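A.B. asks: Heads up: the sequence shown begins at 49 in my numbering, then just goes up one per residue. In this text, a Cβ means the ideal position worked out from N, Cα and C, and glycines have one as well. In this text, all values refer to a predicted model and were calculated from it rather than measured experimentally.
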Amino acid sequence: MVKKQVRRPSTPTVASPIDQARDELFQHIMTCGVIGADAQHQAEWFEETMKYLADRYHELTVQDLKQLRVLGDRFVQPPKSKQPDEAVTAA
49 MVKKQVRRPS
59 TPTVASPIDQ
69 ARDELFQHIM
79 TCGVIGADAQ
89 HQAEWFEETM
99 KYLADRYHEL
109 TVQDLKQLRV
119 LGDRFVQPPK
129 SKQPDEAVTA
139 A
């Protein structure tokens, strides 16, 4: 006789406020054309966007907002080109 396995409904996981803010920041970066923009324009955009995120996610601390800014700055940087390994090219 085969026992029927009963699946319990899993409880949905809710992302933390910082995770939600990070995802929203990245989405805004991609849709607003910040990548490849002039450094001055990026700085102005980030200043306004960080104010918006601070208002929207009041649970975030100053340290959380600083961390988001660093992540955003890294996200808008162009990808680093790979330097070929000298050992691989010497062969």
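Name the two residues that bound the continuous alpha helix (DSSP H) containing E107.
C.D. replies: What you label residue 107 is simply residue 59 of the sequence shown in a count that begins at 1. For E107, no alpha helix (DSSP H) run applies, since DSSP gives it neither H nor E.
A.B. asks: Would you mind stating whether L101 and L73 have Cβ atoms separated by less than 8 angstroms?
C.D. replies: Within the sequence shown, the letter at position 53 stands for residue 101. Within the sequence shown, the letter at position 25 stands for residue 73. Yes, the pair counts as a contact, with Cβ atoms nearer than the cut-off.
A.B. asks: Using three-state DSSP, classify R55 as helix, strand or coil.
C.D. replies: The residue given as residue 55 occupies position 7 in the sequence shown. In the structure shown, R55 sits in coil (DSSP, three-state: anything other than H, G, I, E or B).
A.B. asks: Taking buried to mean at least 16 other C-beta atoms within 10 Å of its own C-beta, is R70 buried or exposed?
C.D. replies: Walking along the sequence shown from the start, residue 70 turns up at place 22. With 16 or more other Cβ atoms within 10 Å, it is buried.
A.B. asks: Looking at F94 and R122, is the spacing between their C-beta atoms short of 8 angstroms?
C.D. replies: On the sequence shown, residue 122 is found 74 positions in, with the first residue counted as 1. On the sequence shown, residue 94 is found 46 positions in, with the first residue counted as 1. No, Cβ-Cβ distance for R122 and F94 is not below 8 angstroms.
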